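Here our numbering runs 10 ahead of the position in the sequence shown, where the first position is 1.
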Amino acid sequence: MPTLSDLVVRHTALDAADLDWLHSLVSDWQLLADLSFADLILWAPLLPSADRPSVPDSGEQAADSVLAESGPPAGGRGANGHGERYECGWIAIAQMRPTTGPTVYHDDIVGTVVARGERHLIDTAWNERRICREGDPDWSTGVPVREETIPVRRTLPDGQGRFLAVIQRSTNLSSARTPSRLELTYLQSASDLAQMVAEGRFPFSGEEPILVRSPRVGDGLLRLDRGGRVTYASPNALSAYRRLGLHADLVGAELGRVTATLCYSDEPINEDLMIVASGRAAKETEVESGGTIVQLRAIPLIVGGGRIGALVLIRDVTELRRRERELMTKDATIREIHHRVKNNLQTVAALLRLQARRLQVPEGREALEEAVRRVGSIAIVHETLSHAPEEFVDFDDIADRVIAMAGEVSAPESAVTPRRVGGFGVLPSLIATPLAMAMTELLQNALQHGRPERLQVVVQPSAERLNVTVWDDGQGVPEGFDLDSSTSLGLQIVRTLVEGELSGRLSIGPREGGGTEVTLSIPLPAG
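Written out as structure tokens, the structure is:
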């Protein structure tokens, strides 16, 4: 399905600022759909194919077909009263279904094209710049549907307005009954929001985008008058305030003062709270009392140039915040464990290094130095994990440190600096630790026994596997070399790590042009 941006760029004359306004609108118009108990469809003026900037695609061909059958709009192309081109039809660029009532459209409407004259209410809302509610319910689908249209206006920096599109609001009347106080409040609030859309006051210009976790209509709703007093409280909103410690009736109370009394009796009042709870600005805040955490979001209602009140959406986020705090504590504990493991491994490496200096037997000293390097490669992974928020690490940093460590202990006369080609990316710690040890062994083996002039680690990641090649231009593998019968401790460790722990494949053989080539192929976890 094409995106809002694709449809606007390909089929309309709207500019980048218009598109940003529409994105802000559709990011928050679930609120309007839920308050209206209605489906919303956003229709944008469609340009003739000759004026469209993009190469025709299936959507444009459909548009041209519809418009060819319907003929040009009455009066031909000309001005629409605001110095803009007269568009020839409408294209649906976004759609929203209500969570508070039955939907009208079970199929997706986005991408549908209609000619002017087919949807009278859309044409009227656009031409007359007003909300259209006239007309009887439509029974063409077998279900009674009430149609309304709302022109979408963008407020320009100079205070003027530019009309961008039309919202079609379709209400399924099949379950119509005498509305309750809650439903009447929802509908009145929806009417005020619709008027704000038509006046260019919603979405709120300059405000930060609303988060996905913001309260929704069904979480709890308060309606305030101009003075910040509660005129209606939904059952869920009242329950949230009961959990904060409210014992009196909320209706008629000044919300800011009541909330401050409940939550800030012994400490300075949060200024954001007073702004949100009074409905003076479109902002969000959280309050906590008695172990209960409640999220508040204010939507000022500004109609006809004046503030007539506000909506305050409320959501009890106590359990959500408790889980987040538990996760933060768990993450901090895990990072501290990795930090202590790293410290302990460095202590072990230091002790082995001291012991190696005291040994007079060269073979024993070399064995302890190899153990130091192996412990060091594990310590590098744990040090990285101690700074990571999750059990995933950027392995490029680990690989570079392992490569640098191998280069530092190479023979001074060789002056070989290993290089990395390609990136590992982010890997789980279950892969990072054995892979770091395997790389340490392979690099050290190449530097000690191959005596190369060049040594490279080539990384070729894919969606399903990580392929790593370590090659050098040194002496190469001995004649008749067989990995299965090799007695090298380092190669045995590498094989155990790659095939046993990582469930991967390991191959070692001569490199074309001289030297040795080792290939690791490791499966990556899905996702």
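For each residue, glycine too, the CB sits at the ideal point set by N, CA and C. All values derive from a computational prediction rather than experimental measurement.
In three-state terms, what does DSSP make of residue i?
i       : result
Asn-477 : strand
Cys-98  : coil
Ile-51  : strand
Arg-376 : Going by the sequence as given, residue 376 is Glu instead of Arg. Residue state, collapsed to three classes: helix.
Ile-160 : strand
Phe-173 : strand
Thr-357 : helix
Val-426 : coil
Gly-121 : coil
Gly-111 : coil
Ala-263 : coil
Leu-183 : coil
Gly-519 : strand
Gln-370 : coil
Glu-527 : strand
Val-487 : coil
Met-106 : strand
Leu-512 : coil
Val-327 : coil
Leu-17  : helix
Thr-343 : helix
Thr-165 : strand
Leu-493 : helix
Leu-57  : coil
Asp-25  : coil
Just the Cα atoms here: how many angstroms apart are residue i and residue j?
i       : j       : result
Arg-267 : Asn-354 : 55 Å
Met-284 : Val-227 : 21 Å
Ser-372 : Glu-380 : Sequence inspection shows Pro at residue 372; the Ser mentioned does not correspond to that position. When rounded, the distance between both Cα atoms is 12 Å.
Ala-389 : Val-382 : 10 Å
Gly-319 : Leu-234 : 5 Å
Met-449 : Gln-458 : 14 Å
Arg-156 : Trp-149 : 9 Å
Leu-24  : Ser-180 : 25 Å
Pro-444 : Glu-334 : 31 Å
Leu-507 : Ala-536 : 20 Å
Pro-112 : Leu-337 : 38 Å
Thr-271 : Tyr-196 : 28 Å
Thr-295 : Val-162 : 29 Å
Val-240 : His-21  : 45 Å
Thr-302 : Leu-260 : 18 Å
Asp-494 : Ser-517 : 10 Å
Glu-281 : Asp-44  : 30 Å
Thr-134 : Arg-211 : 21 Å
Leu-306 : Val-504 : 56 Å
Gln-168 : Ala-26  : This sequence places Asp at residue 168; Gln is not what is there. Answer to the nearest angstrom: the Cα atoms are 17 Å apart.
Leu-361 : Tyr-274 : 56 Å
Arg-129 : Asp-229 : 35 Å
Glu-393 : Ile-347 : 10 Å
Leu-17  : Leu-35  : 16 Å
Val-469 : Arg-430 : 8 Å
Leu-57  : Arg-139 : 19 Å
Within the continuous beta strand (DSSP E) that includes residue i, where are the two ends?
i       : result
Tyr-242 : 240-243
Leu-234 : 231-234
Val-467 : 465-471
Val-403 : 402-404
I'd like the span of the alpha helix (DSSP H) that includes residue i, first residue to last.
i       : result
Ala-442 : 439-455
Leu-534 : Taken as a continuous stretch (DSSP letters only), Leu-534 belongs to no alpha helix (DSSP H), as it is neither H nor E.
Gly-500 : 499-505
Leu-41  : 40-46
Leu-192 : 191-209
Any heavy atom of the ligand COA closer than 7 Å to the Cβ of residue i?
i      : result
Ser-15 : The ligand COA is absent from the structure shown, which contains no ligands of any kind.
Of all the CB atoms in chain D, is at least one closer than 8 Å to the CB of residue i?
i       : result
Gly-486 : Reference to chain D is not applicable here, since this structure consists of a single protein chain.
Checklist entry - Could you give the uninterrupted runs of the beta strand (DSSP E) lying entirely in the region 275-325, keeping only those of 3 residues or more? => result If we require 3 residues or more, the beta strand (DSSP E) runs fully inside the region 275-325 come out as 294-299 and 302-313.
Checklist entry - Using 8 Å as the Cβ pair cut-off and three pairs as the minimum, do the region 461-479 and the region 517-536 touch? => result yes
Item to check | beta strand (DSSP E) segments (min. 3 residues) lying fully within the region 130-159 | outcome: none
Checklist entry - Are there three or more Cβ pairs, one per stretch, closer than 8 Å when the region 282-300 is compared with the region 321-330? => result yes
Checklist entry - Quick one: any contact between the region 42-56 and the region 97-104, if contact means 3 or more CB pairs under 8 Å? => result yes
Item to check | the region 428-447 / the region 467-483 touching (three or more Cβ pairs under 8 Å) | outcome: yes
Checklist entry - Okay, do the region 163-173 and the region 25-38 touch, 3+ Cβ pairs below 8 Å being the bar? => result yes
Item to check | Stretch pair the region 195-215 + the region 306-317: three plus CB contacts closer than 8 Å | outcome: yes
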